[in-house]
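**Student:** All residue numbers for the sequence shown refer to this note's numbering, where the first residue is 93 and numbers rise by one.
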Amino acid sequence: MYGPVLVGTKVTLRPPDDSDAARFVEWFGDLEVTRYLLRRFAVGQLQEEGFLKTVGESTTDVFWMLEAGGRPIGATGIHQIDWLHAHGTTGIVIGVKSEWRKGIASEAMQLRTEYAFRQLNLHKLSSSTFAENEPSRRALLKAGYREVGVEREHLYREGRWHDHWLCEVRRDDWEPPQAR
Ligand SMILES: CC(C)(COP(=O)(O)OP(=O)(O)OC[C@H]1O[C@@H](n2cnc3c(N)ncnc32)[C@H](O)[C@@H]1OP(=O)(O)O)[C@@H](O)C(=O)NCCC(=O)NCCS
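1) With DSSP as the reference, label Glu140 as helix, strand or coil.
2) For Thr205, which three-state DSSP category applies?
3) Note down, in chain order, each residue of its chain lying with its Cβ closer than 6 Å to the Cβ of Gln274, except the 5 sequence neighbours on either side.
4) Considering only DSSP beta bridges, list what Glu239 is partnered with.
5) With a threshold of 8 Å, establish whether the CB of Ala223 neighbours any heavy atom of ligand 1.
6) Who are the near neighbours of Val103 in its chain, counting only those whose CB is closer than 6 Å to its CB and skipping five residues on each side?
7) Measure the C-alpha to C-alpha separation of His254 and Glu226 and round it to an integer number of angstroms.
8) Where are the alpha helix (DSSP H) runs, 4 residues long or more, that stay fully inside the segment 165 to 232, in chain order?
9) Tell me which residue opens and which closes the alpha helix (DSSP H) that Phe116 is part of.
10) For His254, list the residues DSSP reports as bridge partners.
11) Does Ser228 pass the burial test, meaning 16 or more other C-beta atoms within 10 Å, or should it be called exposed?
12) Between the segment 106 to 120 and the segment 212 to 223, are three or more C-beta pairs nearer than 8 Å?
13) Three Cβ pairs or more, each shorter than 8 Å: is that satisfied between the segment 164 to 178 and the segment 128 to 142?
14) So for Ala271, helix, strand or coil by DSSP?
15) Using a Cβ-Cβ cutoff of less than 8 Å, which residues in the same chain neighbour Lys194 once the five nearest sequence positions on both sides are dropped?
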C-alpha cells in the first residue's frame, strides 16, 4: 500500500509516482547515503520499479515518498505490519544529502507515527539503526520512540562491527504528550 498525502511544515509525505524509481538508483548508488542502512547495494531502474510495484501491492507495508522544497528527497515507510497484533517496523532514507540536518526526518517520523496510531489503529512501532547514527536516534526519540535494547556488534560496515540500537513507540506512551 502507499500512504496518503500528509503535509507538514518542512516535508510532505506522498505516494510514489512513475518518475520516482530513478531517484533511488542515484541515492542507493551513494555509499554515504547507505552508510547506516541495512542495505549496502545499489539498485537498477527495473529492480526499483519492481520494488515500488511490489510495495504498492503489499498489504503489510505502507510506503511514502518524502518531498521538500517542491522536490522528492527520500522515502519512508511502515513495514512488516502485523494487523492482528497491531505492530509494524519503520524506516526512512533521505537520499538528497543537501537536505540532511534540516529537521526533515524528525517531522516525517512524527507525521508517520500519528498516521500509524490515529488512522491505522496500530498499537506499537519498532525501529532500529546503527548505534552511532545519532541523527536517526535523535529524530526517533523526538517522535516518541524509546530505546529497548542494543544488539552488540551485530552489524558489519567499513571494516568493523557496530552495535545495533533498537527502539519502540507504544501508542499509550505517544498519546498523552499529544494531548498537551
Ligand atoms: C538519518 C537521517 C534520516 C536524519 O535525517 P535528518 O533530516 O538529517 O535529521 P534531522 O534534521 O531531523 O535531525 C535529527 C536530529 O539529529 C541531529 N543531527 C542531524 N545531523 C546530525 C549529525 N550529523 N550529527 C549529530 N546530530 C545530528 C539534529 O540536530 C536533530 O537533533 P535535535 O533536534 O535534537 O537537534 C538522514 O540523515 C538520512 O536519511 N541518512 C541516510 C539514511 C539513514 O541513515 N537512514 C536512517 C536509517 S535508520
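We put the beta carbon where it would ideally sit given N, CA and C, even for glycine.
The model shown is predicted, which means the values in this text are computed figures rather than measured ones.
**Tutor:** Working from what's here:
1) On the sequence shown, position 48 is the one that residue 140 refers to. DSSP places Glu140 in helix when its eight states are reduced to three.
2) Mapped onto the sequence shown, residue 205 falls at position 113. Looking at Thr205 - three-state DSSP - the assignment turns out to be helix.
3) Outside the displayed span of the chain (93 to 272) sits residue 274, for which this structure offers no information.
4) For the purposes of this step, residue 239 is taken as residue 147 along the sequence shown, with counting starting at 1. According to DSSP, Glu239 bridges with Cys259.
5) On the sequence shown, residue 223 is found 131 positions in, with the first residue counted as 1. No; taking the cut-off as 8 Å, the Cβ of Ala223 has no heavy atom of ligand 1 nearer than that.
6) Within the sequence shown, the letter at position 11 stands for residue 103. These residues qualify, in order along the chain: Leu158, Ala160, Ile196, Glu199, Ala200.
7) To locate residue 254, count along the sequence shown from 1; it is residue 162. To locate residue 226, count along the sequence shown from 1; it is residue 134. Roughly 13 Å separates the two Cα atoms.
8) 196 to 206
9) Numbered from its first residue, the sequence shown carries residue 116 at position 24. 113 to 119 is the span of the alpha helix (DSSP H), which, as asked, contains Phe116.
10) Reading the sequence shown from its first residue, position 162 is the one you call residue 254. Partner(s): Leu247.
11) By 1-based counting over the sequence shown, the position of residue 228 is 136. Buried, because 16 or more other Cβ atoms sit within 10 Å of the Cβ of Ser228.
12) no
13) no
14) The residue given as residue 271 occupies position 179 in the sequence shown. Ala271: helix per DSSP, three-state reduction.
15) Start at 1 with the first residue of the sequence shown, and residue 194 comes out as number 102. The answer, listed in chain order, is Lys102, Ala160.
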